[in-house]
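For the record, the sequence lines run as chains F and D. Mind the numbering: the first sequence is residues 13 to 315 in this note's numbering, read in order. Mind the numbering: the second sequence is residues 13 to 51 in this note's numbering, read in order. C-beta: ideal position from N, C-alpha, C; glycine also. Predicted model only: the values in this text are computed from it and were never measured. One structure is given below, encoded as structure tokens.
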Amino acid sequence: LDLNINPSHNTIKVLKRESSGKLADSDVKVPVKQETGALLEELNRISAENKKLTEMLTVLCERYSSLQNQYMELVSRNSGSDATAATSKKRKAECEDYATMIGFSGKAESSCSDEDSCKKPKDCIKAKISRAYVRTNPSDNSLIVRDGYQWRKYGQKVTRDNPSPRAYFKCSFAPSCPVKKKVQRSAEDPSILVATYEGEHNHEQHSPPALSSLSPNNGTSNPRSAPVSSSSSAPAKSSPPTVTLELMKPTGLGNDTQNPTQQVDEPAIQQILVQQMAASLTRDPNFTAALASAISGKVLDHK
Amino acid sequence: EESGALVEELNRVNEENKKLTEMLAAMCESYNALQSQLT
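This is the structure we're talking about:
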């Protein structure tokens, strides 16, 4: 830091002359008035320097304060982003809670289905992910994609990046079939439904006969929803009917305007559930063996 | 007498000047450190 200040140069000279005690012959000739004038001049010069230094210090203090304010702002903003990360963690936990609520096992469904809130989707999602785009009527608020499988809706939420809510479905054969589906209207084009599938079905696409009879569109796809494209091997082949069972009351926008043809009566739902349970039990060879032995035991007892 | 008082004043102002220069140097250092933290 060089401020072009050399305050001691002239002063020392003067002070030396003052403190030397003995005055040289040349000094004797210098009049006292002249000496006082030189001292005064020096004092003025140093005072001006002093003033300049004080001003510089004031300016620097001001700049330092503003810089410090900027720094504090930055620090508070960073802590704000930490809070956002905490919110994201909370969302992930909520999402896992959904999985627990619907009875998914922790091993197969340890992944979070929310791609947005999950920072490491590759680590998080082990299941195969595919996407299908379906064009629908924009006035139709239902988030139903007819893909040939039966689905149960287990949740719905509003995401930050899209005004339309996102609906969560699981395959009706769950927990034996681990496939899950997310459906949301495209943010760019609301007439397109984006369905994201996780996992692969481990069963046939066809529906049980009892369900077929319940469906209003037997064997035909909904005329309002026609597949636009499929990004991979998503089950977009639409022919068998789809019945979506509303196990949870939707919380999103405009769900009260759902198509009445897609609603199923409550006794019918119960019947479907009973039949599905029976179907899943009869698929289990251990159960059928146990049942057979129990029946044969009863028969023998009776005899 | 007058020149003695002047010399005294000169010494005082000189001392103040020195302190101000030191303060300014310290302030500059702090400012630079903070700026480097920000960048």
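**Study point:** Under 7 Å by beta carbon: chain D residues contacting S59/F
**Key:** V25
Check your understanding: Rounded C-beta distance between L50/D and M68/F? I'm assuming under 8 Å.
Key -> With 8 Å as the limit, L50/D and M68/F do not qualify as a contact, their Cβ atoms being about 22 Å apart.
Check your understanding: If you pair each beta-carbon of the stretch 195 to 204 of chain F with each one of the stretch 299 to 313 of chain F, do three or more pairs fall below 8 Å?
Key -> no
Practice item. Check each candidate in R164/F, V311/F, Y180/F and K165/F and name the one with the smallest Cα separation from T171/F. Key: Y180/F
**Study point:** Residue-chain proximity (R75/F, chain D), Cβ-Cβ < 9 Å
**Key:** yes
Exercise for review: State the CB to CB distance for the pair N29/D and L72/F, rounded to an integer number of angstroms; the pair is presumed to be in contact (CB under 8 Å).
Suggested key: Contact doesn't hold; Cβ gap of about 16 Å is too wide.
Check your understanding: What is the C-beta distance between Y166/F and C183/F, in whole angstroms, given that I count them as a contact (C-beta under 8 Å)?
Key -> At roughly 11 Å, the Cβ-Cβ gap does not stay under 8 Å, so Y166/F and C183/F are not in contact.
Exercise for review: Following the continuous beta strand (DSSP E) through A17/D, name the residue where it begins and the one where it ends.
Suggested key: Run containing A17/D: none in the beta strand (DSSP E); it sits in the alpha helix (DSSP H), E14 to L50.
Review point. Rounded to whole angstroms, how far is the Cβ of K190/F from the Cβ of G211/F, which I believe are closer than 8 Å?
Key: In the sequence on display, residue 190/F carries Pro and not Lys. Indeed they touch by this definition, with Cβ atoms about 5 Å apart.
Exercise for review: Mind checking which residues open and close the beta strand (DSSP E) that includes A179/F?
Suggested key: P177 to C183
Point to revise | Distance, L293/F Cα to I307/F Cα | key: 16 Å
Practice item. Quick one: grab the DSSP three-state call for D135/F. Key: At D135/F the pLDDT is 42, less than 50, meaning the model places this residue with poor confidence and gives no usable figure here.
**Study point:** Inter-residue CB distance, S142/F and Y209/F (contact presumed, cutoff 8 Å)
**Key:** 5 Å
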